[in-house]
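Undergrad:
In the numbering used here, the protein residues as written are 314 to 492.
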């Protein structure tokens, strides 16, 4: 049995959690999130806590136990405080700007990259090359950030490209020119 799966999930004030036979819905100030779950676990609400329990002691039930507990916990955190990821754009002439629901990025290619911002996410870009993606759904924030990063991954020689703000790029030494 999962050690984290045993822990109850506290429901903060202003958040409502509803459980139907195969769907958990969490509503809060930042929006509404839904997650379906399989029949290997049961989800129940006791007071101001959500409990996730495995149906039996099989390997699949134990694996699903911790998974769905953390997915529901992330939903509760998402509708209360939200999630964010920051990306740093490094390079001469590299820049990004938000125009409505579109993110336009100049990354050193002949054409600009145009990315449509998905519903439920907000993107901000400043003049120093920092792009911040925020939203209630942790998976959507991470997926959109990864898609942006994949447009121009950081290279190890000059450090140019798009990287996460917490990411450390191991720099390599280039050619020295000595024979």
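Virtual Cβ for every residue (Gly too), placed ideally from N, Cα, C. None of these values were measured; they are calculated from a predicted model.
For a test of the three-state rule: what should DSSP assign to residue 371, helix, strand or coil?
TA: Note: residue 371 maps to coil in three-state DSSP.
Undergrad: Considering only their Cβ atoms, is the gap separating residue 354 from residue 339 smaller than 8 Å?
TA: No, they are not a contact pair.
Undergrad: Between residue 332 and residue 362, is the Cβ-Cβ spacing less than 8 Å?
TA: Result no, Cβ atoms of residue 332 and residue 362 do not sit closer than 8 Å.
Undergrad: For the pair the region 389-406 and the region 448-463, tell me if three or more CB-CB distances fall below 8 Å.
TA: These segments touch.
Undergrad: Using the DSSP secondary-structure output, state which residues sit across from residue 458 in a beta bridge.
TA: Per DSSP, none; premise fails for residue 458.
Undergrad: Go through the region 395-438 residue by residue and report every complete run of the beta strand (DSSP E) that reaches 3 residues or more, in order.
TA: Here the runs fully enclosed are 396-403, 408-412, 415-419, 426-429, 434-438.
Undergrad: List the endpoints of the continuous beta strand (DSSP E) containing residue 346.
TA: Run containing residue 346: 344-349, per the beta strand (DSSP E) assignment.
Undergrad: To which residues of the same chain is residue 428 closer than 6 Å at the C-beta, ignoring the five residues directly before and after it?
TA: Here the set comprises 416.
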